[in-house]
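My numbering puts the last residue of the sequence shown at 156; the count rises by one with no breaks.
Glycine is no exception: its CB is placed at the ideal position from the N, C-alpha and C atoms.
Heads up: the structure comes next, in structure tokens.
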Amino acid sequence: MLEELTSLTNILIIISIILNITIIVMISKGKSAGSQNTGVPTEKVNTTFTQKSGIEVGVVFCRNCGQQYESTSKACPNCKTARGA
Ligand SMILES: [Zn+2]
72 MLEELTSLTN ILIIISIILN ITIIVMISKG KSAGSQNTGV PTEKVNTTFT QKSGIEVGVV
132 FCRNCGQQYE STSKACPNCK TARGA
């Protein structure tokens, strides 16, 4: 009975040690990857698409007919009502 308990605690200790090691390895890997990425342009560059000279590209609704169209177009494609007029 006592041996079973000691073996159980041993297993628990071993599991906790393995978990600690994996966590440490993951943290160290993440840090090294982060340091390698510095200075290298990432996929975040794609966000420049949404920032066109300060004007956000999105979807707007026509005031006149309620047609949904891209904010890049200056007028409604349905009724030709100018946007923001
Ligand atoms: Zn319209």
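**Message:** For V130 and Q139, which I take to be in contact (beta-carbon distance under 8 Å), what is that distance rounded to the nearest angstrom?
**Reply:** 6 Å
**Asked** Going by the C-beta, is T143 closer than 7 Å to any heavy atom of ligand 1?
**Response** no
**Request:** Within 10 angstroms of the Cβ of M147, are there 16 or more other Cβ atoms? Answer buried if so, exposed if not.
**Result:** The sequence given here places Cys at residue 147; Met does not occur at that position. Its Cβ being crowded by 16 or more others within 10 Å, C147 is buried.
**Message:** Quick check: what's the CA-CA separation for T143 versus N135?
**Reply:** 18 Å
**Asked** So what does DSSP say about V96, is it helix, strand or coil?
**Response** helix
**Message:** Is any non-hydrogen atom of ligand 1 found closer than 7 Å to the C-beta of Q138, if you look at the structure I gave you?
**Reply:** yes
**Request:** Leaving aside the five residues before and after C150 along the sequence, list all residues of the same chain whose C-beta is less than 8 Å from its C-beta, in chain order.
**Result:** C133, N135, C136, Q138
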